[in-house]
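Colleague: Residue numbers (the working numbering): -10 to 264.
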Amino acid sequence: MPERKSRIALRNVSRSFVSPAGEIIQAIQNINFEVEDLYSPDGKDIGEFRVLLGPSGCGKSTILRLIAGLDQPDTGEVLVAGKPVTGPGRDRGMVFQKYTSFPWLTVAQNVEYGMKINGVPEAERQRTAAHLIQETGLAGFEKSYPDTLSGGMQQRVAIARTLALRPGVILMDEPFGALDAQTRSDMQELLLSIWSETASTILFVTHDVDEAIYLADHIFVLCARPGTIIEDVPVPFGRPRDASMKQRSEFHELQQHVLSCLRRSSGPGQVRMSV
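#1: Between which residues of its own chain and Q244 is the CB-CB distance below 8 angstroms, once the five residues before and five after are set aside?
#2: When you compare only the Cα positions, how much space is there between Q18 and V24?
#3: I think I218 touches T125, with their Cβ atoms under 8 angstroms apart; what is that distance to the nearest whole Å?
#4: According to the Cβ coordinates, are P77 and P135 closer than 8 angstroms?
#5: For a quick check, are the C-beta atoms of R81 and V158 less than 8 angstroms apart?
#6: Hey, quick one: how far does the alpha helix (DSSP H) through S174 stretch, first residue to last?
#7: Strictly by DSSP, which residues pair up with L42?
#8: Nearest to H196 by CA position, among S189, A167, E178 and S139, is which residue?
#9: Measuring CA to CA, which of L211, E186, R114 and L(-1) is closest to K281?
#10: Using only the alpha-carbon positions, how far apart do A232 and F240 sit?
#11: Taking all protein chains shown into account, do 16 or more other C-beta atoms lie within 10 angstroms of the C-beta of K49, making it buried, or fewer, making it exposed?
#12: Express the C-alpha separation of E131 and P164 in angstroms, rounding to a whole number.
#13: Excluding the 5 residues flanking V7 on each side, which residues of the same chain have their C-beta closer than 7 angstroms to its C-beta?
#14: For the beta strand (DSSP E) that contains A(-2), what are its first and last residues?
#15: So F226 and V40 are in contact, right, with Cβ under 8 angstroms, and what is the actual spacing, rounded?
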């Protein structure tokens, strides 16, 4: 078995902000966790799916922004592949809740965009984009513009564009939070299907308990602000997964355990359970 290497590490990380009224708001405090490469029994690097779960306003998105290099901590250090994060990099891709496609580019051009600015030859860009467009269910919409697409389809474009650069780390900030229940479920299935073909580490933010359990290998449960990790919950379900697992008694038992973790710390933020 190859030696496991660190993909993401946060060590004693804290971050505060100043409100418009001049009040200092402590967003996160003393965050510590590490995500290592995960290997299959035959030694294949298969990545890992981690979820940050907690009430709204507990600092989950702040943690992602620090890892993405879009912000810097007040104290502590953020490492990706053993190196300090000093800014954005192509080794990390990010998918936001708000749809972020370029409205003046077609679906195919959006998927190719990151590859183009990184100097990938045109023929390779087109092959990669065609494959990802097919895999994400966007075939037939290559020449469409984002404002003609549904919310779910726009998120498919964002996921395809992120995967096109083959990042070692994919950061997802409540990417399905604005979608209706059926589309959200479909997108969860799509994400798991595509991710199974990569060796990327995914760090996924949600405040939906069922979504966290269904997607994750491990769940980092955060308390209300100032956010800190109160438990690392392993999810004991193998892969591949399908929606029927949500009906299993083991799923509901884990659901209750995660909810009990969230109740340890009171706060105004909300968590939800899927319907």
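A virtual CB, placed ideally from N, CA and C, is assigned to each residue, including glycine.
Modeller: Working from what's here:
#1: As a first step, residue 244 must be located in the sequence shown, where it is residue number 255. The residues V198, D199, I202 and M262, in chain order, have a CB closer than 8 angstroms to that of Q244 in the same chain once the five nearest residues on each side in sequence are set aside.
#2: In the sequence shown, counting from the first residue as 1, residue 18 sits at position 29. In the sequence shown, counting from the first residue as 1, residue 24 sits at position 35. Near 19 angstroms, if we compare the C-alpha coordinates of V24 and Q18.
#3: Numbered from 1 along the sequence shown, position 229 holds the residue referred to as residue 218. Numbered from 1 along the sequence shown, position 136 holds the residue referred to as residue 125. Going by Cβ atoms, the distance from I218 to T125 rounds to 32 angstroms, so no, they are not a contact pair.
#4: In the sequence shown, residue 77 corresponds to position 88, counting from 1. In the sequence shown, residue 135 corresponds to position 146, counting from 1. Here P77 is not near P135, since their CB atoms are 8 angstroms or more apart.
#5: To locate residue 81, count along the sequence shown from 1; it is residue 92. To locate residue 158, count along the sequence shown from 1; it is residue 169. Yes. Within cutoff.
#6: In the sequence shown, residue 174 corresponds to position 185, counting from 1. Per DSSP, S174 belongs to the alpha helix (DSSP H) from A170 to W184.
#7: By one-based count along the sequence shown, residue 42 stands at place 53. Per DSSP, the beta-bridge partners of L42 are T195 and V210.
#8: Residue mapping note: residue 196 aligns to position 207 of the sequence shown, counting from 1. Comparing Cα-Cα distances from H196 to each of S189, A167, E178 and S139, the minimum goes to A167.
#9: There is no way to answer for residue 281, as the model of the chain reaches only from -10 to 264.
#10: Taking the sequence shown and counting its residues from 1, the one referred to as residue 232 is at position 243. Taking the sequence shown and counting its residues from 1, the one referred to as residue 240 is at position 251. CA-CA distance, A232 to F240, rounds to 11 angstroms.
#11: Position 60 of the sequence shown, counted from the start, is the residue given in the question as residue 49. K49 sits buried, since 16 or more C-beta atoms from the chains shown fall within 10 Å of its C-beta.
#12: Reading the sequence shown from its first residue, position 175 is the one you call residue 164. Reading the sequence shown from its first residue, position 142 is the one you call residue 131. Straight-line spacing of the CA atoms in P164 and E131 works out to 22 angstroms.
#13: Along the sequence shown, read from residue 1 onward, the residue named residue 7 stands at position 18. Close CB contacts of V7 within its chain, under the 7 angstroms cut and outside five residues either way in sequence, are with I13 (chain order).
#14: Taking the sequence shown and counting its residues from 1, the one referred to as residue -2 is at position 9. Note, A(-2): beta strand (DSSP E), S(-5) to V7.
#15: Counting from one through the sequence shown, the residue named residue 226 turns up at place 237. Counting from one through the sequence shown, the residue named residue 40 turns up at place 51. Actually they are not in contact, since the Cβ atoms of F226 and V40 sit about 13 angstroms apart, beyond 8 angstroms.
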